[in-house]
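Chains as they are written, first to last, in this note's numbering: chain A, 1 to 434; chain B, 1 to 434.
Heads up, the beta-carbon is just placed ideally off N, CA and C, and yes, glycines get one too.
What you are looking at is a predicted structure, and each value in this text was computed from that prediction instead of being measured.
Since the structure comes first, as structure tokens, the remarks are kept for the end.
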């Protein structure tokens, strides 16, 4: 029978279970590298995902492996970590156990719950079928299929009205993801697909960005929101603000009486915390997130921590934003707290250090808010690009992403314009590829 | 309404319909670039696939876009081609029409049917669930998920017998694909996954290659088959020859009385022609391929041609092999014949030029048969590598593939070890990631 390469971790040291291999979970595991603990990192997937570039996979700029790396590989040299690919069914705080789908259970001395958020339709789950969201690599590949297939359907469609409908795109939600998707999609229609079709002119595609609030990128200063809007419009995106969506169906997005026609709709509007939080038996906020104490533990159970998008932390009267740097900082802080507790001390309160806020819009278009320093346009775009390549996990990924981007920059081409899967999830219309 | 960038192709010139964007179809389209015809290339996918490297996607060495390029993009400058992404339901030779799924139809003056082959279970379709095959990018991603998930299941499995079962792999079929898969899988188990697991030793995985005939790589000279076998065994593959599989189920492969245990089985044994051939109404051979006349047209309908794996052509008493170079040559020949007919002439008989036969086995292991010149081992491997990179479609793909391979060579790592999809198709066992 197979034998482990070395004795399993000594059972007598405290057991730390980390659920979720995102930024919070991974940085917490790393923060405990030299602590006298054994760690089990549980994730339902086998990889850490560099979420900030997920929209690039959806828009065929990068391939899935460019922005993901196997958790086992990242942590292979950290001998006190076991990576377990499994789905967590529930947490039992009283018994200090994590129940896995399939019946297994893991006892823990310390638990970090960092399963993040998923997209939410605010109780309108019927919209999901018409307006898929973007949270996982599988979401991204499904979205890529939808976006690219829409142009194929338009090309094949004899009826002009139907054809035009296939070229109507709407993105719901004017946050960073919505802005990135809208800008990139407009670029694909105007440049990437040029000369490739014979019956349609892809550049006539209409890309609409629909935001319920008064401005796009609400987390940025108003001036940058205004700049972002202008840059989007320059790329050919129609920006609709103060436009709360009241319905989404096969015809498009309904704004009260008004219909914004769109055969292809993408949901970038809302997120809700992972449902696992409910099994903690503590009160949650409206978005289902877990209000945590200053040291990121939960009131009732000081040995259970919550970090990343699943946690809601107030700081200076404002919630800490659900961004990668915040998740990394929380993960590191939880590791620090556990180390302190093991040493007989107590943790310090978590303090979020805001290093700035970036959003990209499209080629040579981005906005950067570094507090005192705010800028947009080409410089901001280069700043965004360098920062994101720098933070990518793994040297190889940096290399391939830079290669893909350099290629895309000079050729206007996109590396990953491959339609995968059966296309069963593409909207109604002539039967697709099989 | 959207207008085509230029007038649609003049309807008065002869219409050539090509079904299938593989090597035969794509090379035929290119061969007609300057002919006075309008061409419609129909494929159910949006991309041309470099099939010879498909096993690398299945074994996580390359990502899907590395070996595929959108047909529209490849042909964007050839103005007499329209690419249509659609599934062909049937051919009506008498009416000279191609019926598409969804009701549309395309009339043709000349037709090239080049839809290739799919994997076949010789009437044992129940085996498909236990032993998936490898023909499309989706097959490759599903197979990647199965192979990588098996190690994850083994790591999570407390029962030693069950754990060992998850580390039993069998590949059925000793042709080039089976040999490539077996060799690469052994390499992954012994090198790529080293140090990444805590409870299992991936190197203890057993990889068995099961071939019904007396030797692997039957299309090669016996001496090279023998070398291939030795190289496989050096990589840690158990090679079983004269071992016809009589059954495949959840326990493994049955060879008559004997059971070769395997929780993960891959089918690389048999291919059958695409079922579309049946709608031609002409006699087919046992594998469902279309026997063609010397000019690759079919007897009853001289304006209908069949090329690539779908056609069976005898030459010097031996069938022309189902390999990429043969498909390209057939495609070019069909183009030549159509050009000759348009000029009032007649076609010449097709002659297959065999430039040699390559098969890779694993790191520094391959066999090359150039007729007079036969060699194996490191030199053969480098020869195979250069040849395949050279023939890859698109400069960018060459670049990224070379990068991925260089990386893999020095680090033993594999770029694309990302498990995508729900894993619904993984074999029975503890519930997987969702």
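Closer than 8 Å by C-beta to residue i: which residues in its own chain qualify, once you throw out the five before and the five after it? Chain order, please.
i             : result
residue 7/B   : Model confidence at residue 7/B stands at a pLDDT of 42, short of 50, so the residue's coordinates are unreliable; what they give is reported in the following sentence. Same-chain partners within the cutoff: there are none.
residue 351/A : 315
residue 5/A   : Low per-residue confidence applies at residue 5/A: pLDDT is 40, beneath 50, and the placement is therefore not dependable enough to give any value.
Whose Cβ in chain A lies nearer than 9 Å to the Cβ of residue i?
i             : result
residue 402/B : Simply none; closest approach about 10 Å.
residue 95/B  : Residues of chain A passing the Cβ test: none, with the nearest at roughly 20 Å.
Can you list, in chain order, the residues of its chain whose CB lies under 7 Å from that of residue i, leaving out five sequence neighbours each side?
i             : result
residue 21/B  : 41, 43, 48, 71
residue 340/B : 346, 347
residue 135/B : 118, 119
residue 325/A : 355
residue 204/A : 167
residue 193/A : 151, 202
Just to confirm, is the Cβ distance from residue i to residue j under 9 Å?
i             : j             : result
residue 127/B : residue 247/B : yes
residue 16/B  : residue 111/B : yes
residue 333/B : residue 285/B : no
residue 155/A : residue 200/A : yes
residue 189/B : residue 220/B : no
residue 377/A : residue 235/A : no
residue 306/B : residue 323/B : no
residue 58/B  : residue 153/B : no
residue 411/A : residue 396/B : yes
residue 60/A  : residue 172/A : no
residue 243/A : residue 255/A : yes
residue 403/B : residue 53/A  : no
residue 240/B : residue 138/A : no
residue 394/B : residue 74/B  : yes
residue 365/A : residue 381/A : yes
Can you tell me which of the options puts its alpha carbon nearest to the alpha carbon of residue i?
i             : options                    : result
residue 262/A : 362/A, 376/A, 319/A, 146/A : 146/A
residue 177/A : 308/A, 271/A, 245/A, 298/A : 271/A
residue 312/B : 290/B, 251/B, 239/B        : 290/B
residue 102/B : 343/B, 90/B, 96/B          : 90/B
residue 384/B : 358/B, 94/B, 397/B         : 358/B
residue 26/B  : 82/B, 265/B, 57/B, 59/B    : 82/B
residue 360/B : 224/B, 306/B, 250/B        : 224/B
residue 266/B : 215/B, 179/B, 18/B         : 179/B
residue 336/A : 36/A, 300/A, 13/A          : 36/A
residue 80/B  : 32/B, 362/B, 397/B         : 32/B
residue 217/B : 19/B, 273/B, 321/B         : 321/B
residue 169/A : 276/A, 264/A, 249/A        : 264/A
residue 34/A  : 382/A, 342/A, 393/A        : 342/A
residue 250/A : 130/A, 105/A, 52/A         : 130/A
residue 142/B : 56/B, 404/B, 308/B, 283/B  : 56/B
residue 67/B  : 412/B, 392/B, 39/B, 414/B  : 392/B
residue 298/A : 202/A, 114/A, 30/A         : 114/A
residue 96/B  : 414/B, 213/B, 364/B, 281/B : 281/B
residue 197/A : 149/A, 214/A, 390/A, 175/A : 149/A
Below 7 Å on C-beta distance, what does residue i contact in chain A?
i             : result
residue 405/B : None at all; the shortest Cβ gap to chain A is about 12 Å.
residue 65/B  : 63, 415, 416, 418
Using a cut-off of 7 Å between C-beta atoms, extract the partners of residue i located in chain B.
i             : result
residue 357/A : Chain B residues near residue 357/A: none, gap ~29 Å exceeds 7 Å.
Could you work out which residues of chain A lie near residue i, taking near to mean beta carbons separated by less than 8 Å?
i             : result
residue 76/B  : 195, 196
residue 68/B  : 418
residue 137/B : 418, 420
Name the chain B residues that come within less than 9 Å of residue i, Cβ to Cβ?
i             : result
residue 399/A : 403, 407
residue 275/A : Ordered by position in chain B, no residue passes the 9 Å Cβ test against residue 275/A, which lies about 12 Å from the chain.
residue 396/A : 403, 404, 407, 411, 413, 415
Between which two residues does the beta strand (DSSP E) carrying residue i extend?
i             : result
residue 274/B : Neither: residue 274/B is in no beta strand (DSSP E) and is coded neither H nor E.
residue 168/B : 168-172
residue 15/B  : 15-19
Below 6 Å CB to CB, which residues in the same chain sit around residue i once its five sequence neighbours on both sides are set aside?
i             : result
residue 86/A  : 42, 100
residue 430/B : Per-residue confidence for residue 430/B stands at a pLDDT of 34, beneath the threshold of 50, marking its modelled position as unreliable; the derived number appears in the next sentence. If we look at residue 430/B and ignore the five residues flanking it on each side, it has no Cβ neighbours.
residue 237/B : 182, 186, 207, 209
residue 63/A  : 416
residue 13/A  : 36, 37, 38
residue 231/B : 361, 365
Taking residue i as the query, report the chain B residues whose CB atoms sit under 8 Å from its CB, ordered along the chain.
i            : result
residue 73/A : 196, 413, 417
residue 82/A : 198, 199
Between which two residues does the alpha helix (DSSP H) containing residue i stretch?
i             : result
residue 389/B : 378-391
residue 55/B  : 54-58
Determine whether the Cβ of residue i lies closer than 9 Å to any Cβ atom of chain D.
i             : result
residue 212/B : Protein chains A and B are contained in the structure displayed, whereas chain D is not.
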